[in-house]
Structure formats: C-alpha cells, structure tokens
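Visitor: I have a structure here, written as structure tokens, and I will follow up with some questions on it.
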Amino acid sequence: MPRSEGHAPIAPDFATWVVAEGEVLVASRGGKKLPKGALTGTGATSGGRRFANGMLAFYVDPKVVDTSHVFDAEVSRHVDFIRATRPAAGGDQVLIPGDPERKTRAGRSQNGIPLPDDTWAAIVNTAREIGVSEISIQRAAA
96 MPRSEGHAPI APDFATWVVA EGEVLVASRG GKKLPKGALT GTGATSGGRR FANGMLAFYV
156 DPKVVDTSHV FDAEVSRHVD FIRATRPAAG GDQVLIPGDP ERKTRAGRSQ NGIPLPDDTW
216 AAIVNTAREI GVSEISIQRA AA
C-alpha cells in the first residue's frame, strides 16, 4: 500500500494456509520444521474434508480517489496505533507488514545472502559445467 513521502509502503504478504509455500520449500531442504498437520489439506493431524479457497482483491490508487489526502493521514494514524500496542509475550516489538522484509534486506545488503552449503555447491557445479573459470568461482565465493 503506498504511503506518503518518507514512509515505507505497507506490503502485505500473507498465506492462505497454516504455512506459506516458501516455508514448505525451506522445510523440504532441511530447514525449520512445519507445524503438525500443516500438509494434510485440512490443517489437522489426519486427512479429512478437502476444500478450496480463493481471494478477491480490489486495487485503488489513493491519489485518484482521495484528493484531500485523508487516506495518508488515516494510514499513518493506524500504523502508529498498531506500533504503540504491547508486543506479544516473548516479542520485543510490534511489526507491520513489510518490516521483517526491510530488516532482512538491510542485513543481506550489508552481510550478503546466506545460502545452504548444498545450494552453493549446486551453483558452483553449474558454473563449472557451463565453463565459468575457477578464478571467477573463487572470486564469487570470497
């Protein structure tokens, strides 16, 4: 969702199930474990009734329908209200959609993108297969 100058946009990224596809991919490669029952199709620990879901989204440009900029003010007020709430037990702050991604991007911009060893090995093997020089591979690994 666009915001006024100087404010990061709010970028909702939500799953329509217990876990998102990316979490399943991470788990399939030996990453974190999935919640019990996450892959049964019902969220339960055993199979059951199947269902489908869907989503309808309307996209509106606030600048077109809100020439008095009430939308910007309301979004800012709402974000401030949310951030002022007490964090959940064990949490240190309240986040809005996009905060974790901005934090991850900043960290990876500074420190690089972590890759599992098997992923890096696959990249190196592919580079060798297509004729990338060893010196170029070594430079990429540095």
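Residue numbers (my numbering): 96 to 237.
Cβ atoms here follow ideal geometry from the backbone N, Cα and C, with glycine treated the same way.
1. Could you tell me which whole alpha helix (DSSP H) segments of length 4 or greater appear in the segment 148-206?
2. With DSSP run on the structure shown, which of helix, strand or coil describes residue 215?
3. Among 106, 122, 169, 181, which one has its Cα closest to the Cα of residue 195?
4. Identify which residue in 215, 188, 96 has its Cα closest to the Cα of residue 153.
5. To the nearest angstrom, how far is the alpha carbon of residue 241 from that of residue 108?
6. Secondary structure at residue 118, three-state DSSP: helix, strand or coil?
7. Could you give the distance in angstroms between the alpha-carbon of residue 208 and the alpha-carbon of residue 217?
8. Quick check: what's the CA-CA separation for residue 192 versus residue 210?
9. Do residue 133 and residue 114 count as a contact pair if the criterion is CB distance below 8 Å?
10. For the alpha helix (DSSP H) containing residue 236, list its first residue and its last residue.
Guide: Looking at the coordinates:
1. 157-160, 165-178, 194-206
2. helix
3. 106
4. 96
5. Beyond the ends of the chain as shown, which are 96 and 237, falls residue 241; an answer cannot be given.
6. helix
7. 16 Å
8. 25 Å
9. yes
10. 229-236
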